[in-house]
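A.B. asks: First the structure, then my questions, so here it is.
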Amino acid sequence: MGNFRYRDDQPHEEPAVTLDAFLEQPDATAVRLEAGEDARQLIPHLDRLQLIEVSFPRFRDGRGFSSARILREAGYKGELRAEGDVLIDLLFFMRRCGFDSFASQHSLNPVDVEAALNRYSNVYQDATDEAVPIWKLRHG
Amino acid sequence: MYRYDQYDQAMVDARVEEFRDQTRRRIAGDINDDQFKPLRLKNGLYLQLHAYMLRVAIPYGTLNSVQMRKLAHIARTYDRGYGHFTTRQNLQYHWIKLEQAPDILAELATVEMHAIQTSGESIRNISADQYAGAAADEICDPRPWAELLRQATTFHPEFSYLPRKFKIAVISSKEDRAALRWHDCALRIVRNEAGEEGFEVYAGGGMGRTPFIAFPIRDFCPANQIFSYLQAILRVWNLHARRDNIHKQRMKILVHELGEEEFRRQVEEEFQTFLALGTDFPQAEYDRIAAYFTPPPFETGLSEEIDRSDPEFALWVDRQTVRHKAPGYAIANISLKPVGGIGGDVTAEQMEVVADLAERYSFDDVRVTHAQNLVLPHVRKQDLYAVWGALAAAGLADANLDLVTDVIACPGLDYCTLANARSIPVAQKIQQRFADMDRQLDIGELKVKISGCINACGHHHAGQIGILGVDRKGTENYQLLLGGSGAEDTSQAKITGPGFDEDGVVDAVERTVERYRELREPGERFLDTYRRVGLDPFKEAIYG
Numbered sequence: 009m010g011n012f013r014y015r016d017d018q019p020h021e022e023p024a025v026t027l028d029a030f031l032e033q034p035d036a037t038a039v040r041l042e043a044g045e046d047a048r049q050l051i052p053h054l055d056r057l058q059l060i061e062v063s064f065p066r067f068r069d070g071r072g073f074s075s076a077r078i079l080r081e082a083g084y085k086g087e088l089r090a091e092g093d094v095l096i097d098l099l100f101f102m103r104r105c106g107f108d109s110f111a112s113q114h115s116l117n118p119v120d121v122e123a124a125l126n127r128y129s130n131v132y133q134d135a136t137d138e139a140v141p142i143w144k145l146r147h148g
Numbered sequence: 011m012y013r014y015d016q017y018d019q020a021m022v023d024a025r026v027e028e029f030r031d032q033t034r035r036r037i038a039g040d041i042n043d044d045q046f047k048p049l050r051l052k053n054g055l056y057l058q059l060h061a062y063m064l065r066v067a068i069p070y071g072t073l074n075s076v077q078m079r080k081l082a083h084i085a086r087t088y089d090r091g092y093g094h095f096t097t098r099q100n101l102q103y104h105w106i107k108l109e110q111a112p113d114i115l116a117e118l119a120t121v122e123m124h125a126i127q128t129s130g131e132s133i134r135n136i137s138a139d140q141y142a143g144a145a146a147d148e149i150c151d152p153r154p155w156a157e158l159l160r161q162a163t164t165f166h167p168e169f170s171y172l173p174r175k176f177k178i179a180v181i182s183s184k185e186d187r188a189a190l191r192w193h194d195c196a197l198r199i200v201r202n203e204a205g206e207e208g209f210e211v212y213a214g215g216g217m218g219r220t221p222f223i224a225f226p227i228r229d230f231c232p233a234n235q236i237f238s239y240l241q242a243i244l245r246v247w248n249l250h251a252r253r254d255n256i257h258k259q260r261m262k263i264l265v266h267e268l269g270e271e272e273f274r275r276q277v278e279e280e281f282q283t284f285l286a287l288g289t290d291f292p293q294a295e296y297d298r299i300a301a302y303f304t305p306p307p308f309e310t311g312l313s314e315e316i317d318r319s320d321p322e323f324a325l326w327v328d329r330q331t332v333r334h335k336a337p338g339y340a341i342a343n344i345s346l347k348p349v350g351g352i353g354g355d356v357t358a359e360q361m362e363v364v365a366d367l368a369e370r371y372s373f374d375d376v377r378v379t380h381a382q383n384l385v386l387p388h389v390r391k392q393d394l395y396a397v398w399g400a401l402a403a404a405g406l407a408d409a410n411l412d413l414v415t416d417v418i419a420c421p422g423l424d425y426c427t428l429a430n431a432r433s434i435p436v437a438q439k440i441q442q443r444f445a446d447m448d449r450q451l452d453i454g455e456l457k458v459k460i461s462g463c464i465n466a467c468g469h470h471h472a473g474q475i476g477i478l479g480v481d482r483k484g485t486e487n488y489q490l491l492l493g494g495s496g497a498e499d500t501s502q503a504k505i506t507g508p509g510f511d512e513d514g515v516v517d518a519v520e521r522t523v524e525r526y527r528e529l530r531e532p533g534e535r536f537l538d539t540y541r542r543v544g545l546d547p548f549k550e551a552i553y554g
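Read top to bottom, the protein sequences are chains A and B.
The opening residue of the first sequence carries number 9 in our numbering; numbering runs sequentially from there.
The opening residue of the second sequence carries number 11 in our numbering; numbering runs sequentially from there.
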């Protein structure tokens with residue numbers, strides 16, 4: 009199984025449309041962002057968005073990490089899903105960048121997923137998650 | 011030097027367990043080799059021609075004696091009794107078994123060391139001036155900033171799957187001993203007119219097949235905003251670099267394609283974004299780190315006198331020692347370039363000798379240089395003779411710093427899967443050709459740098475004399491380049507013309523050197539003469 013979701017609300021039912029289609033459909037609430045597409049184009053529409061799916065066509069292509077942070081930093085609160093070549097060792101970084109659901113093309117062992125997400129009890133730097141950076145822990 | 015607290019220690023310990031688990035999943039077949047490769051690379055493990063190579067991080071090139079002894083122990087236990095210091099101030103072991111790699115990482119973690127982000131498409135180990143904290147010409151010790159940025163860039167969630175590798179260097183003096191502008195991001199600590207500390211920032215440098223010298227992107231970034239600025243650079247690159255051709259994904263290519271102005275504009279825009287997020291480390295954290303780098307308790311009233319009655323010792327003092335900021339002390343360079351040896355290679359026994367000397371004579375401090383030598387940064391002048399004696403007994407007392415035999419060479423085709431030609435034998439033949447010490451001294455400063463392929467690990471683009479090994483119809487062929495520099499007068503070397511075979515390139519180097527001796531004016535180094543007269547007189551000497 010490759011689907012993991014870390015949200016309390018109900019999964020969104022509407023299928024995600026392409027960025028071009030989304031920008032032309034004023035009532036669309038779900039969009040799929042391909043690698044290389046500009047996440048900032050979505051910023052004026054964050055209020056109506058409930059699902060943004062960010063594509064990882066190859067696990068080495070890390071553009072989606074920046075896209076996710078840009079969306080969260082702009083205030084997006086809906087579901088942010090990493091889709092595609094999503095591997096266990098990417099999940100920790102993805103969570104830190106604001107992804108809260110995963111649709112991997114691979115079957116991921118849930119035990120290994122849990123282990124990977126909980127491997128590090130602390131982090132060195134701020135990102136878009138709730139983790140408190142070590143420098144803050146050091147200085148109270 | 012910096013010491014780990016419980017947080018730093020927990021981080022490297024968790025890393026060891028993570029890598030153990032990744033190795034287990036690879037062996038169990040849960041992940042394939044293609045998926046495992048970036049994971050092992052981020053822990054410094056390369057597959058080379060004969061075995062795995064492990065690259066151990068030596069942050070900003072600083073080691074203590076306990077760490078050096080651990081490196082010796084690992085060399086003896088897991089390798090063939092030696093290690094290789096690199097142009098990134100790191101240490102490589104070339105004969106590693108994959109299944110032992112987690113144990114080696116665990117050994118390193120016991121002495122506050124790791125191999126995190128020493129390869130792969132990540133933010134690499136940060137390099138710095140090897141004379142930091144000792145140099146008479148520095149504004150401040152650059153290492154607290156290097157350590158702060160080490161932490162800030164370790165497991166950075168947004169920048170762990172970058173388009174390519176990303177190299178940072180930090181210095182704080184006008185003289186550049188760290189090949190600053192050959193880095194993706196180069197930081198020089200300066201003071202502005204108000205006396206505040208900040209960074210002069212350069213971006214988009216790098217060697218490889220398409221060399222670029224980093225351009226000045228910002229004259230002054232306030233010190234407490236440097237992490238924001240760095241993240242801005244990284245984000246612009248991460249979002250906009252090509253992802254379709256691994257040879258065109260370094261940041262230098264993006265800078266070149268966008269143009270310096272446009273790249274700077276986009277970085278400034280992202281800089282505002284990051285400043286607003288407030289991710290910079292506070293002054294209190296800088297102060298905490300800087301406290302580990304307070305100068306050692308230098309004695310005062312020491313004698314400046316050195317007994318030079320032993321001529322070999324006097325030669326070593328003249329060549330290998332450099333002025334220290336504290337009276338009565340010297341910076342002592344240890345050559346790892348014996349004639350006929352392998353540059354940068356050190357045996358476990360030699361590592362232990364250096365560890366003992368550091369502990370006894372240099373406030374427990376050793377440095378690694380990008381020229382693949384070592385440094386004892388704080389030696390009392392009155393102790394130099396004893397240090398030299400111990401080095402000589404260990405075969406470490408060569409007096410050739412920055413001379414023609416102080417050759418930088420990559421491992422080349424003797425070890426590396428990427429190489430097209432061998433580097434080590436060419437370096438050895440050049441050393442043998444110029445072995446005569448009087449001749450070396452007469453030639454003076456001459457930095458020779460050899461790479462066995464266009465990836466340029468041997469820094470041939472920055473060589474006053476550079477040599478590039480290529481494959482020409484199945485035989486090794488060597489191109490000669492002149493006029494490069496990795497110092498504050500950074501420049502890129504130019505190819506002289508058609509290449510040579512192994513012996514031919516050594517002859518060509520000798521003809522170049524002889525032409526320099528004919529042309530030089532009093533006080534001119536090779537590089538000065540080259541810059542004054544240009545390439546043509548040398549081409550004429552080389553090709554007749």
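Even for Gly, the Cβ is constructed at its ideal location relative to N, Cα and C.
I'd like to know whether the C-beta of B:Asn53 is nearer than 7 Å to at least one C-beta of chain A.
C.D. replies: Locating residue 53 of chain B in the second sequence gives position 43, counting from the first residue. False, the Cβ-Cβ gap to chain A never drops below 7 Å.
A.B. asks: If B:Val385 and B:Val417 are in contact, beta carbons under 8 Å, what's the gap, nearest whole angstrom?
C.D. replies: Along the second sequence, read from residue 1 onward, the residue named residue 385 of chain B stands at position 375. Along the second sequence, read from residue 1 onward, the residue named residue 417 of chain B stands at position 407. Not quite, the Cβ-Cβ distance comes to about 18 Å (not below 8 Å), so this is no contact.
A.B. asks: So if I threshold CB-CB distances at 9 Å, which residues from the stretch 35-56 of chain A count as touching chain B?
C.D. replies: Ala43, Gly44, Asp46 and Ala47
A.B. asks: Could you please give me the residues that DSSP links to B:Gly208 through a beta bridge?
C.D. replies: Locating residue 208 of chain B in the second sequence gives position 198, where the first residue counts as 1. Answer is B:Val200 and B:Pro232, bridged to B:Gly208.
A.B. asks: Can you find a CB in chain B that lies within less than 7 Å of the CB of A:Phe107?
C.D. replies: Locating residue 107 of chain A in the first sequence gives position 99, where the first residue counts as 1. The beta-carbon of A:Phe107 is placed no less than 7 Å from the nearest beta-carbon of chain B.
A.B. asks: Figure out for me which residue from B:Arg329, B:Arg219, B:Gly216 and B:Pro152 has the closest Cα to the Cα of B:Arg198.
C.D. replies: Locating residue 198 of chain B in the second sequence gives position 188, counting from the first residue. That would be B:Pro152, whose Cα lies nearest to the Cα of B:Arg198.
A.B. asks: Would you list, in chain order, the members of the stretch 238-259 of chain B that have their beta-carbon closer than 7 Å to a beta-carbon of chain A?
C.D. replies: Arg245, Asn248, Leu249 and Arg253
A.B. asks: Thinking B:Gln276 and B:Pro173 are a contact (beta carbons under 8 Å), I'd like their distance in whole angstroms, please.
C.D. replies: Locating residue 276 of chain B in the second sequence gives position 266, where the first residue counts as 1. Locating residue 173 of chain B in the second sequence gives position 163, where the first residue counts as 1. Between B:Pro173 and B:Gln276 the Cβ distance is about 15 Å, and since that is not below 8 Å, they are no contact.
A.B. asks: Round the Cβ separation of B:Ser129 and B:Leu51 to the nearest angstrom and send it over; I've been treating them as touching at under 8 Å.
C.D. replies: Here residue 129 of chain B is taken as the residue at index 119 of the second sequence, counted from 1. Here residue 51 of chain B is taken as the residue at index 41 of the second sequence, counted from 1. That belief holds up - the Cβ atoms of B:Ser129 and B:Leu51 are roughly 5 Å apart, short of 8 Å.
A.B. asks: Answer with buried or exposed for B:Val436, where buried requires no fewer than 16 other C-beta atoms within 10 angstroms of its C-beta.
C.D. replies: The count along the second sequence starts at 1 and reaches residue 436 of chain B at position 426. B:Val436 comes out buried.
A.B. asks: Could you list which residues in chain B have their beta carbon closer than 8 Å to that of A:Ile60, in chain order?
C.D. replies: Position 52 of the first sequence, counted from the start, is the residue given in the question as residue 60 of chain A. What A:Ile60 touches in chain B: nothing, since even the nearest Cβ is about 16 Å away.
A.B. asks: Is there a C-beta anywhere in chain B that falls below 7 Å from the one on A:Leu95?
C.D. replies: The residue given as residue 95 of chain A occupies position 87 in the first sequence. A:Leu95 counts as touching chain B.
A.B. asks: Taking the beta strand (DSSP E) that B:Ile106 belongs to, which residues open and close that run?
C.D. replies: Within the second sequence, residue 106 of chain B is the residue found at index 96, counting from 1. That run of the beta strand (DSSP E) goes Leu101 to Ile106.
A.B. asks: Under a three-way DSSP split, which group does A:Val94 fall into?
C.D. replies: Residue numbering aside, residue 94 of chain A sits at position 86 when the first sequence is read from its first letter. It is coil, neither helix nor strand.
A.B. asks: Distance check for B:Gly350 and B:Gln438, CA to CA, integer angstroms please.
C.D. replies: Locating residue 438 of chain B in the second sequence gives position 428, where the first residue counts as 1. Locating residue 350 of chain B in the second sequence gives position 340, where the first residue counts as 1. Their backbone Cα atoms lie some 5 Å apart in a straight line.
A.B. asks: If you run the structure through DSSP and keep just helix, strand and coil, what is A:Pro19?
C.D. replies: If you number the first sequence from 1, residue 19 of chain A lands on position 11. Looking at A:Pro19 - three-state DSSP - the assignment turns out to be coil, as it is neither helix nor strand.
A.B. asks: For chain A, check one thing: does any of its Cβ atoms lie closer than 7 Å to the Cβ of B:Gln282?
C.D. replies: On the second sequence, residue 282 of chain B is found 272 positions in, with the first residue counted as 1. Taking Cβ atoms only, chain A never reaches closer than 7 Å to B:Gln282, which makes this a no.
A.B. asks: Taking B:Ile552 as the reference, give the member of B:Pro532, B:Asp546, B:Ala518 and B:Thr539 with the closest Cα.
C.D. replies: Translated into positions along the second sequence, residue 552 of chain B becomes position 542. With distances taken between Cα atoms, B:Ile552 lies closest to B:Ala518.
A.B. asks: Step through the CB atoms of chain B and report whether any lies within less than 7 Å of the CB of A:Gln133.
C.D. replies: For this step, residue 133 of chain A is matched to residue 125 along the first sequence. Cβ-Cβ to chain B under 7 Å: yes for A:Gln133.
A.B. asks: Excluding the 5 residues preceding and the 5 following B:Gly91 in the sequence, name in chain order all residues of the same chain whose CB lies nearer than 7 Å to its CB.
C.D. replies: By 1-based counting over the second sequence, the position of residue 91 of chain B is 81. Within the same chain, B:Gly91 has close Cβ partners Ala85, Thr357 and Ala358.
A.B. asks: Name, going along the chain, the residues of the stretch 117-128 of chain A whose beta-carbon falls closer than 9 Å to a beta-carbon of chain B.
C.D. replies: Asn117, Asp120, Ala123, Ala124, Arg127 and Tyr128
A.B. asks: Under DSSP, the beta strand (DSSP E) around B:His266 begins and ends at which residues?
C.D. replies: Locating residue 266 of chain B in the second sequence gives position 256, where the first residue counts as 1. That residue, B:His266, is in no beta strand (DSSP E); its alpha helix (DSSP H) goes Met261 to Leu268.
A.B. asks: Measure the alpha-carbon distance for B:Ala466 versus B:Leu478 and round it to whole angstroms.
C.D. replies: Here residue 466 of chain B refers to the residue found at position 456 of the second sequence. Here residue 478 of chain B refers to the residue found at position 468 of the second sequence. Each residue's alpha carbon lies about 8 Å from the other.
A.B. asks: Spatial neighbours of B:His266 within its chain, please: CB distance less than 7 Å, with the 5 preceding and 5 following residues excluded, ordered by chain position.
C.D. replies: As a position in the second sequence, residue 266 of chain B is number 256, starting the count at 1. Excluding positions up to five away in sequence, the list reads Phe222.
A.B. asks: Give a yes or no on whether 7 Å exceeds the smallest Cβ distance from B:Tyr14 to chain E.
C.D. replies: The structure shown contains no chain E; its protein chains are A and B.
A.B. asks: Take A:Val140 as the anchor and find which of B:Ile505, B:Ala324, B:Phe291 and B:Gly544 has the nearest alpha-carbon.
C.D. replies: Counted from its first residue, the first sequence places residue 140 of chain A at position 132. The candidate whose alpha carbon is nearest that of A:Val140 is B:Phe291.
A.B. asks: Please report the straight-line C-alpha distance between B:Asp113 and B:Gln382, rounded to a whole angstrom.
C.D. replies: Here residue 113 of chain B is taken as the residue at index 103 of the second sequence, counted from 1. Here residue 382 of chain B is taken as the residue at index 372 of the second sequence, counted from 1. Taking the straight line from one Cα to the other gives about 26 Å.
A.B. asks: Please check if any C-beta of chain B sits within less than 7 Å of the C-beta of A:Arg89.
C.D. replies: As a position in the first sequence, residue 89 of chain A is number 81, starting the count at 1. Not one chain B Cβ lies under 7 Å of A:Arg89.
A.B. asks: For the 8 Å Cβ check, are there 3 or more pairs between the stretch 491-509 of chain B and the stretch 536-546 of chain B?
C.D. replies: yes
A.B. asks: State yes or no: is the C-beta of B:Tyr395 nearer than 6 Å to some heavy atom of the ligand PLP?
C.D. replies: Of ligands this structure carries none, so the ligand PLP is not represented either.
A.B. asks: Would you call A:Thr136 buried or exposed, if buried means 16 or more other Cβ atoms sit within 10 Å of its Cβ?
C.D. replies: Numbered from 1 along the first sequence, position 128 holds the residue referred to as residue 136 of chain A. Under this definition A:Thr136 is a buried residue.
A.B. asks: Please report the straight-line C-alpha distance between B:Ala82 and A:Gln133, rounded to a whole angstrom.
C.D. replies: Numbered from its first residue, the second sequence carries residue 82 of chain B at position 72. Numbered from its first residue, the first sequence carries residue 133 of chain A at position 125. Going by the C-alpha atoms only, they are around 33 Å apart.
A.B. asks: For B:Glu280, is the classification buried or exposed, using 16 other Cβ atoms within 10 angstroms of its Cβ as the cut-off for buried?
C.D. replies: Within the second sequence, the letter at position 270 stands for residue 280 of chain B. Looking at its Cβ environment, which holds 16 or more other Cβ atoms inside 10 Å, B:Glu280 is buried.
A.B. asks: Would you give the residue range spanned by the alpha helix (DSSP H) that B:Arg329 belongs to?
C.D. replies: Numbered from its first residue, the second sequence carries residue 329 of chain B at position 319. First-last of the alpha helix (DSSP H) with B:Arg329: Pro321 to Gln330.
A.B. asks: Give the C-beta separation of B:Val10 and B:Tyr371 to the nearest angstrom, bearing in mind that I take them to be a contact with Cβ-Cβ under 8 Å.
C.D. replies: Any property of residue 10 of chain B remains undetermined from this structure, which presents chain B solely from 11 to 554.
A.B. asks: Verify the CB distance criterion: does A:Arg104 have a CB-CB separation below 7 Å to chain B?
C.D. replies: Translated into the one-based positions of the first sequence, residue 104 of chain A becomes position 96. It does; some Cβ of chain B falls within 7 Å.
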